[in-house]
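These notes concern the structure reproduced below.
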Amino acid sequence: MGLLSYLHDELIITNSKIATKMKTKSLLLIGIVSLSLVTIIKTVMNRMEIFNEEEEEDQELDGQDEEYGFPLFI
1474 MGLLSYLHDE LIITNSKIAT KMKTKSLLLI GIVSLSLVTI IKTVMNRMEI
1524 FNEEEEEDQE LDGQDEEYGF PLFI
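Numbering (the numbering used here), first residue to last: 1474 to 1547.
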């Protein structure tokens, strides 16, 4: 019985090591995917902000056209 008990314990230890490695790899993969998504979202938000600023500048320029009575860009 001692040998079977020892082999059983070794099998449990080996399985827990494999499970730990798989959990570590899964967590690493989740971390990489999360970081990628955050980077993509931040990039999109920055581009939207730049686009909004350009739209505001265009509206200001449109307002100047009407103020002075002639087009700025011919």
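A virtual CB, placed ideally from N, CA and C, is assigned to each residue, including glycine.
Counting only the same chain and skipping the five closest in sequence on each side, list residues whose C-beta sits under 8 Å from that of residue i.
| i | result |
| --- | --- |
| Q1532 | none |
Identify, in the order they occur along the chain, each residue of the same chain with its Cβ nearer than 7 Å to the Cβ of residue i, setting aside the five sequence neighbours on each side.
| i | result |
| --- | --- |
| V1506 | none |
| V1511 | none |
Between residue i and the ligand FMN, is the CB less than 8 Å from at least one heavy atom?
| i | result |
| --- | --- |
| I1486 | As presented, the structure is devoid of all ligands, the ligand FMN included, so that no description of it is given. |
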